[in-house]
Amino acid sequence: MSEEKSLNFIEEIVENDLKSGKYAQIVTRFPPEPNGYLHIGHASSICLNFGLTQKFNGYTNLRFDDTNPVTEDTEYVESIKNDIKWLGFTWENEFYASDYFDTLYTYAVKLIEKGLAYVDEISAEEMATLKGTPTEPGKDSPYRNRSTAENLDLFERMKNGEFPDGSRTLRAKIDMAHVNMLMRDPILYRIKHTHHHRTGDKWCIYPMYDFAHGQSDAIENVTHSICTLEFIPHRELYNWLIEQLEIYPSHQYEFARKNLNYTVTSKRKLLQLVTEKYVNGWDDPRMPTISGLRRRGFTPSSIRNFCDRTGISKRDNLLEYSLLEFFIREDLNKTSWRRMAVLDPIKMVITNYPEGQEELLHGENNPEVEGHDGERAIPFSKELWIEREDFMEEPPKKFFRLGPGLMSRLKNAYIVQCDSFVKDADGNVTEIHCTYFPDSKSGEDTSGLKVKGTMHWVSVPHAKTAEVRLYDRLFTSEEPDREEGDFKDYINPESLVVLKNAYIEPDLANASKQLEENPDRRYQFIRKGYFCVDKDSTEDHLVFNRTVTLKDTWAKEVLR
Ligand code: ATP
Ligand code: MG
Numbered sequence: 000m001s002e003e004k005s006l007n008f009i010e011e012i013v014e015n016d017l018k019s020g021k022y023a024q025i026v027t028r029f030p031p032e033p034n035g036y037l038h039i040g041h042a043s044s045i046c047l048n049f050g051l052t053q054k055f056n057g058y059t060n061l062r063f064d065d066t067n068p069v070t071e072d073t074e075y076v077e078s079i080k081n082d083i084k085w086l087g088f089t090w091e092n093e094f095y096a097s098d099y100f101d102t103l104y105t106y107a108v109k110l111i112e113k114g115l116a117y118v119d120e121i122s123a124e125e126m127a128t129l130k131g132t133p134t135e136p137g138k139d140s141p142y143r144n145r146s147t148a149e150n151l152d153l154f155e156r157m158k159n160g161e162f163p164d165g166s167r168t169l170r171a172k173i174d175m176a177h178v179n180m181l182m183r184d185p186i187l188y189r190i191k192h193t194h195h196h197r198t199g200d201k202w203c204i205y206p207m208y209d210f211a212h213g214q215s216d217a218i219e220n221v222t223h224s225i226c227t228l229e230f231i232p233h234r235e236l237y238n239w240l241i242e243q244l245e246i247y248p249s250h251q252y253e254f255a256r257k258n259l260n261y262t263v264t265s266k267r268k269l270l271q272l273v274t275e276k277y278v279n280g281w282d283d284p285r286m287p288t289i290s291g292l293r294r295r296g297f298t299p300s301s302i303r304n305f306c307d308r309t310g311i312s313k314r315d316n317l318l319e320y321s322l323l324e325f326f327i328r329e330d331l332n333k334t335s336w337r338r339m340a341v342l343d344p345i346k347m348v349i350t351n352y353p354e355g356q357e358e359l360l361h362g363e364n365n366p367e368v369e370g371h372d373g374e375r376a377i378p379f380s381k382e383l384w385i386e387r388e389d390f391m392e393e394p395p396k397k398f399f400r401l402g403p404g405l406m407s408r409l410k411n412a413y414i415v416q417c418d419s420f421v422k423d424a425d426g427n428v429t430e431i432h433c434t435y436f437p438d439s440k441s442g443e444d445t446s447g448l449k450v451k452g453t454m455h456w457v458s459v460p461h462a463k464t465a466e467v468r469l470y471d472r473l474f475t476s477e478e479p480d481r482e483e484g485d486f487k488d489y490i491n492p493e494s495l496v497v498l499k500n501a502y503i504e505p506d507l508a509n510a511s512k513q514l515e516e517n518p519d520r521r522y523q524f525i526r527k528g529y530f531c532v533d534k535d536s537t538e539d540h541l542v543f544n545r546t547v548t549l550k551d552t553w554a555k556e557v558l559r
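Written out as structure tokens, the structure reads:
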């Protein structure tokens, strides 16, 4: 089967583990820290973890890795759940690492009893000095050889809140000369007198990531614990703790982070953009967050396709934003309704069209699909709005739109020829005068005229106004966080352009209602790109977001 050919290296491991009978079913988990909104990098981890258990026999847990009380928030928990569901995945269990605090405490006690952990009280600076370097062994702390009884007593008193923050730690007793620096008596617990979003003030000692993560995997009987490459050196400690605690042998596997060019994918940096108001919230359509992409008009399948089809790698990779756009175009081309909107209007008068006359023309909703997904009526009249850029006073050769004497077709309507134009005192063109050919109506054209260009338009007396927001890359640099200085110095000042006075064809005035009827409703504004209704829309003020242009305007950059 073709599917087998495309197995990635983690899928191969899983398939072999199932074939060999190592597991009857596999269990994975997606373990976000609730300290921000999910971004496109997380989406790839979600697609990998949930994708594995969908493809093979198994299930995936959602586990909030909430062992650090300082940065976490329930707002983030809700947004994460919402984003995963929206991407189309269902978790088997919703777990919180903080629910394991009692168990983790007993695990720590067990290590102390086995002589494998001790309470240290040297300062952080001293600890760093004693740690040694990759080429020099470390030195033992003077507190390393306390008795088990003393360690048990001190650890309990740490838990009971007798000591201030930073004054004591619980450390694993492994080997201060170990080649892997992370194995040189790593800290397991620290004191933090901080309120926790779930456990309140019950705890003032919190486990370190390394003492929570693998243990949570084991508690949940996770078979394949997938994380990103920076955790490779942690694997040794992960395995050591599982072995010494004699708990379920989960296994850690690493894959490369996926990053996107022209943006940043780090919750800490995205948070700065939000709090310092460079963007309008986590769901600003320019953000690489899942909520931002959703508001921008991306579909779940476009994001899933992007994640799946860019594969899983062992080397960190910077993916092209254009590729993400490729997948959304592919999707929206098949589903979006074609509509006409004039973003930068100029008036056209058809001099030979009778005053006061109007007619209803028809346009397919989507010529790409069978049956065209129905059609809508488009009113036509003597005065139309057209795009300012579709007229040139002195057109160059091969300009197939309008200029003195030039002919062009109005989409779904007639062929027109430009006869003259009007200028204001400042020399700006304010009106274009054309004649139309009554026998050139689309679908029943007997005029014999041949024109190359087709233009979109909106009838002046029938037009509605709307606000249109156009987006571009959020940063001018491909890797803003690798540039000199602050990554925020590379924000693209033209990343958002707001057009307050665009004209839309009357059917688009129903866009909010159409969205209620079908939450996936999207539009192709002919020649202008794919658009969706923004949540800022009100009954009498529609706002559209451009999801993506029709063609890749950055193609040159990409080929560079
Ligand atoms: P950030 O630096 O954005 O805060 P993180 O790794 O600290 O990322 P977590 O909430 O800990 O964020 O991540 C949850 C899961 O998502 C982890 O398994 C992590 O490895 C994975 N993940 C995070 N960023 C990426 C990325 N860019 N590509 C692939 N997986 C990622
Ligand atoms: Mg993290």
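With the first letter of the sequence shown counted as 1, position 532 gets the number 531 in numbering that gives the first Met the number 0; the numbers rise by one all the way through.
All residues carry an ideal CB built from backbone N, CA and C; glycine is no exception.
Residue from the options with nearest C-alpha to residue i
i: Thr453; options: Arg337, Glu466, Ser146, Val415; result: Val415
i: Asn364; options: Val457, Gln523, Ala127; result: Gln523
i: Gly402; options: Asn411, Pro136, Asp418, Tyr320; result: Asp418
i: Phe254; options: Gln214, Ser321, Gly40; result: Gly40
i: Lys422; options: Ile204, Ile345, Pro206; result: Ile345
i: Lys449; options: Arg472, Leu259, Tyr413; result: Tyr413
i: Val542; options: Thr464, Ser494, Gly528, Leu473; result: Thr464
i: Leu269; options: Gly291, Ser249, Lys381; result: Gly291
i: Asp480; options: Ala23, Leu507, Leu317; result: Leu317
i: Asn144; options: Glu388, Met347, Asp184; result: Asp184
i: Lys172; options: Thr309, Glu14, Tyr117; result: Tyr117
i: Ser300; options: Phe326, Pro287, Glu319, Asn279; result: Phe326
i: Tyr435; options: Ser441, Tyr352, Asp485, Ile490; result: Tyr352
i: Lys440; options: Lys410, Gly484, Gly426; result: Lys410
i: Thr102; options: Pro206, Lys534, Pro136, Ser44; result: Pro206
i: Lys534; options: Asp72, Phe230, Asp282; result: Asp282
i: Glu11; options: Ala107, His223, Gly160, Glu120; result: His223
heavy atom of ligand 1 below 8 Å from residue i C-beta
i: Lys266; result: yes
i: Arg256; result: yes
i: Glu32; result: yes
i: Thr59; result: no
i: Cys417; result: no
i: Gly213; result: no
i: Phe436; result: no
i: Thr227; result: yes
i: Phe29; result: yes
i: Gly40; result: yes
i: Gly291; result: no
i: Asp200; result: no
i: Gly35; result: yes
i: Ser43; result: yes
i: Asp64; result: yes
Sub-9 Å separation of residue i and residue j beta-carbons
i: Glu386; j: His455; result: yes
i: Thr264; j: Arg256; result: yes
i: Trp336; j: Arg468; result: no
i: Thr70; j: Ala211; result: no
i: Tyr36; j: Asp82; result: yes
i: Gln271; j: Lys487; result: yes
i: Thr59; j: Phe29; result: yes
i: Arg293; j: Trp90; result: no
i: Arg197; j: Tyr75; result: no
Simplified DSSP state of residue i, which is helix, strand or coil
i: Gln523; result: strand
i: Val221; result: coil
i: Ser78; result: helix
i: Leu181; result: helix
i: Tyr352; result: coil
i: Lys449; result: coil
i: Thr546; result: strand
i: Ala23; result: coil
i: Phe297; result: coil
i: Lys555; result: Low per-residue confidence applies at Lys555: pLDDT is 43, beneath 50, and the placement is therefore not dependable, though the value from the model is reported in the following sentence. Looking at Lys555 - three-state DSSP - the assignment turns out to be helix.
i: Asp418; result: strand
C-alpha gap between residue i and residue j, whole angstroms
i: Gln251; j: Ile225; result: 6 Å
i: Lys562; j: Met339; result: Absent from the structure is residue 562, since the part of the chain shown begins at 0 and ends at 559.
i: Thr475; j: Pro163; result: 46 Å
i: Lys313; j: Asp209; result: 22 Å
i: Tyr572; j: Val368; result: No statement about residue 572 is possible, as the shown extent of the chain runs from 0 to 559 and does not include it.
i: Ser508; j: Gly87; result: According to the sequence provided, residue 508 is Ala. The question's Ser does not apply to it. One C-alpha to the other measures close to 30 Å.
i: Met180; j: Ser122; result: 18 Å
i: Ala376; j: Glu504; result: 10 Å
i: Gly131; j: Ile186; result: 15 Å
i: Gly447; j: Arg328; result: 35 Å
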